[in-house]
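Letter by letter, the sequence shown follows residues 2 to 355 in the working numbering.
Where a beta carbon is used, it is the ideal one built from N, C-alpha and C, also for glycine.
Small disclaimer: the values here were computed from a predicted structure and weren't measured.
Structure first, then comments.
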Amino acid sequence: MTRELELLDRVESGQPMAHADWLWLLEHRETMDRPALYDRARAVREREFGFGIHTRGLIEISSFCKNDCYYCGLRRSNAHASRYRLTKEQILDCCETGWKLGFRTFVLQGGEDAYYTDERMCDIVSEIHRRYPEAAITLSLGERSEESYRRLKEAGADRYLLRHETATDAHYRMLHPPELSLAHRKECLFTLKRLGYQVGAGFMVGSPGQTNADLARDFQFLDELQPQMIGIGSFVPHHDTPFAQKPGGTVEDTLFCLALLRLRFPKVLLPATTALGTIDPKGRERGILAGANVVMPNLSPVDTRKQYELYDNKICTGEEAAESRAALEARMQAIGCHLTVDRGDAPGFEAGGF
Ligand code: 5AD
Numbered sequence: 002m003t004r005e006l007e008l009l010d011r012v013e014s015g016q017p018m019a020h021a022d023w024l025w026l027l028e029h030r031e032t033m034d035r036p037a038l039y040d041r042a043r044a045v046r047e048r049e050f051g052f053g054i055h056t057r058g059l060i061e062i063s064s065f066c067k068n069d070c071y072y073c074g075l076r077r078s079n080a081h082a083s084r085y086r087l088t089k090e091q092i093l094d095c096c097e098t099g100w101k102l103g104f105r106t107f108v109l110q111g112g113e114d115a116y117y118t119d120e121r122m123c124d125i126v127s128e129i130h131r132r133y134p135e136a137a138i139t140l141s142l143g144e145r146s147e148e149s150y151r152r153l154k155e156a157g158a159d160r161y162l163l164r165h166e167t168a169t170d171a172h173y174r175m176l177h178p179p180e181l182s183l184a185h186r187k188e189c190l191f192t193l194k195r196l197g198y199q200v201g202a203g204f205m206v207g208s209p210g211q212t213n214a215d216l217a218r219d220f221q222f223l224d225e226l227q228p229q230m231i232g233i234g235s236f237v238p239h240h241d242t243p244f245a246q247k248p249g250g251t252v253e254d255t256l257f258c259l260a261l262l263r264l265r266f267p268k269v270l271l272p273a274t275t276a277l278g279t280i281d282p283k284g285r286e287r288g289i290l291a292g293a294n295v296v297m298p299n300l301s302p303v304d305t306r307k308q309y310e311l312y313d314n315k316i317c318t319g320e321e322a323a324e325s326r327a328a329l330e331a332r333m334q335a336i337g338c339h340l341t342v343d344r345g346d347a348p349g350f351e352a353g354g355f
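Next up, the structure:
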């Protein structure tokens with residue numbers, strides 16, 4: 002058997018993968034039979050999830066951020082960024098629209114905005130939970146204290162997305178200012194797991210300075226963390242950041258990583274992200290065909306969408322939520338899939354059970 006197939010079998014078998022094993026795959030990706038890999042990953046998705054694609058309604062609650070990550074358009078030093086935050090009522094309106102459209106997961110995402118104290122955030126989460134007890138609540142609000150994560154969980158949050166961004170210390174320091182550390186990021190992720198959240202980690206593909214060795218460590222870190230969700234997307238430069246002139250990640254590299262992740266983590270919730278849809282008009286479909294099984298259309302109010310500008314040319318900023326969902330439904334049907342109306346929990350976490 003070729004080294005390629007031997008290693009892919011190893012990935013899929015769940016046996017230990019050394020750094021050198023991941024590295025070999027990453028270094029040989031250009032010459033590998035990638036269509037065959039994507040088909041294989043898609044077959045795993047179909048075996049585990051059928052043709053149903055889970056949807057999450059994304060509500061971008063705040064474009065204020067106290068952090069200064071070099072890649073992100075919402076970084077605090079970006080004086081050109083336009084800032085907004087949604088009120089509790091606006092967020093609840095988004096949920097109402099979303100519920101009627103068939104969303105059974107609401108993702109509240111925002112920059113690290115001190116306005117959303119534990120008290121304010123718990124109030125919002127518990128009200129969503131009260132009004133929509135059958136919906137799952139996912140938070141994506143960055144690094145907070147253990148106490149904060151605990152209170153939010155008690156208020157009704159089910160899941161938490163916190164990409165690790167890169168699992169290599171030196172690379173983490175290339176992407177972030179000195180006050181942020183990979184060690185703390187990882188600590189947050191393990192804390193969230195311990196508190197009983199379904200946890201999502203992830204990274205950008207093609208971020209500035211990323212090497213194959215760094216990516217190999219990302220896969221190893223995910224092996225260690227065993228998250229229920231993995232969010233990856235291509236790096237897309239933003240014109241008002243220090244990385245404005247850096248090249249973006251490629252569609253092929255992102256698909257390659259998605260496919261490897263599906264083989265390694267057959268049951269993981271793996272979105273075909275907006276970033277992938279931004280760099281390729283068929284990006285999300287291609288992501289699904291390479292093993293992804295989640296899409297996250299935007300439920301944010303249309304007048305704030307454009308302001309949540311993580312990177313340039315972000316898609317779907319002018320669409321109403323209903324349009325977004327209908328358009329995605331059509332796109333999914335065109336590739337033999339359909340959107341589901343369910344919470345789409347990770348195995349073992351169904352209906353909020355833990
Ligand atoms: N390109 C792609 N993804 C980005 N993110 C932030 N900035 C960019 C960018 N320029 C991603 C980060 C973050 C998530 C909310 O968005 O990975 O975790």
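Contact annotation: residue 296 and residue 272 have beta-carbon atoms nearer than 8 Å. At a cut-off of 4 residues, the continuous stretches assigned as alpha helix (DSSP H) that sit fully inside the segment 3-91 are 4-14, 20-28 and 35-50.
DSSP places residue 336 outside any alpha helix (DSSP H), giving it a letter other than H or E. In the displayed model, residue 133 falls within coil according to three-state DSSP, outside both helix and strand.
Here the distance from the Cβ of residue 311 to the nearest heavy atom of ligand 1 is below 7 Å.
Take the alpha-carbon of residue 49 and the one of residue 348: they are about 11 Å apart.
Using a cutoff of 7 Å, the CB of residue 73 counts as near ligand 1, since one of the ligand's heavy atoms is closer than that.
Separation of residue 183 and residue 351 (C-alpha to C-alpha, rounded to the nearest whole angstrom) is 31 Å. Annotation note: the segment 152-211 contains the following uninterrupted beta strand (DSSP E) runs of length 3 or greater, listed N- to C-terminal: 160-162 and 199-206. Check the Cα spacing between residue 203 and each of 235, 213, 195 and 174: the tightest is with 235.
Taken atom to atom, the span from the alpha-carbon of residue 112 to that of residue 53 is near 31 Å. Between residue 59 and residue 298, the C-beta gap is smaller than 8 Å, which places the two residues in contact.
Listed in chain order, the non-local C-beta contacts of residue 177 below 6 Å within the same chain comprise 70, local neighbours out to five positions each way being set aside. Judged by the Cβ position, residue 81 fails to qualify as a neighbour of ligand 1 at the 7 Å threshold, every heavy atom of the ligand being at least this far.
Distance from the Cα of residue 63 is smallest, within the candidate group 311, 338 and 328, for 311. Taking a C-beta distance under 8 Å as the contact criterion, residue 122 and residue 163 do not qualify as a contact pair. For residue 221, the enclosing alpha helix (DSSP H) has its first and last residue at 213-226. The DSSP-derived three-state label of residue 230 is strand.
Beta-bridge analysis with DSSP links residue 107 to 58 and 138. Per DSSP, the beta-bridge partners of residue 299 are 59.
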